[in-house]
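Engineer: Quick one: the structure is below, and I'll ask about it shortly.
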Amino acid sequence: MTNQPLHLRLVEVMSVGSTTGIIVATLGYMVVNRLLDGQLAMLGLNQESIEVKSFIIVWMLTFLHGVIRRERAWMDQGWMIALLSLAAAVLNWMTTGDHPVKAAMGGLWSVFGVDLTLLAGFLVAGYAAFCLRNYGKKPVGSPEHNLRDISVALVIAFRPGWLRVLRILPGLGA
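Rendered as structure tokens:
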């Protein structure tokens, strides 16, 4: 992949930025929201404007990251999604006091749902990033080619009934 034609490289960079980058930017927005938490109003600054600008800046940086890190960008951004998911959940608990148990007991189902989704995102993105650790390292045609790692990560992340699907992937069947 290192000597790809420019148009293929551009497609990969755009794919990284538009697939994982938008998730990183959204989670970055959530983290900035919890870190600022109304503090800018005291200074006369518009918090919403700063949050939106942070989203756009983080998203653009994910495209730049795709250019710089090449094959490692998928894994790096997977780890970033995992870390930001966990950070957003923990910061919400710290700034509001609404951890999932308290939210469920108090009937705050939207808070409960978002926190559980963030924690699930932490686990799924972390696992996907772990599976992508060898992406781009193994030669095409080798039995351990990186497409198997990618397919496992994508199946687990996005497919219900993933255990059935794992049995039909080459080399992974039980």
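Residue numbers (this note's numbering): 3 to 176.
We treat Cβ as the ideally placed atom computed from N, Cα and C, and that holds for glycine.
Everything numeric in this text was worked out from a predicted model, so none of it was measured.
Express the C-alpha separation of Ile58 and Val103 in angstroms, rounding to a whole number.
Structural biologist: 33 Å
Engineer: Ala39 by DSSP, collapsed to three states: which one?
Structural biologist: It should be noted that the sequence gives Asp, not Ala, for residue 39. Coil.
Engineer: Go ahead and pull the three-state DSSP assignment for Asn94.
Structural biologist: helix
Engineer: For Asn94, count neighbouring C-beta atoms within 10 Å of its own C-beta (all shown protein chains included) and say buried if the count is 16 or more, exposed if not.
Structural biologist: With 16 or more Cβ atoms within 10 Å of its Cβ, Asn94 is classed as buried.
Engineer: Assuming the contact rule is C-beta atoms closer than 8 Å, Val18 and Ala75 should be a hit. Round their C-beta distance to whole Å, please.
Structural biologist: 5 Å
Engineer: Going by DSSP in three states, Asp78 sits in which element: helix, strand or coil?
Structural biologist: Helix.
Engineer: Buried or exposed: where does Thr119 fall if 16 or more other Cβ atoms within 10 Å of its Cβ makes it buried?
Structural biologist: exposed
Engineer: Just to confirm my understanding: we take Asn48, look at its own chain, exclude 5 residues before and 5 after, and list those with CB closer than 6 Å. What are they?
Structural biologist: In its own chain, leaving out the 5 sequence neighbours on each side, no residue places its CB closer than 6 Å to the CB of Asn48.
Engineer: Put Gly123 into one of helix, strand or coil per three-state DSSP.
Structural biologist: helix
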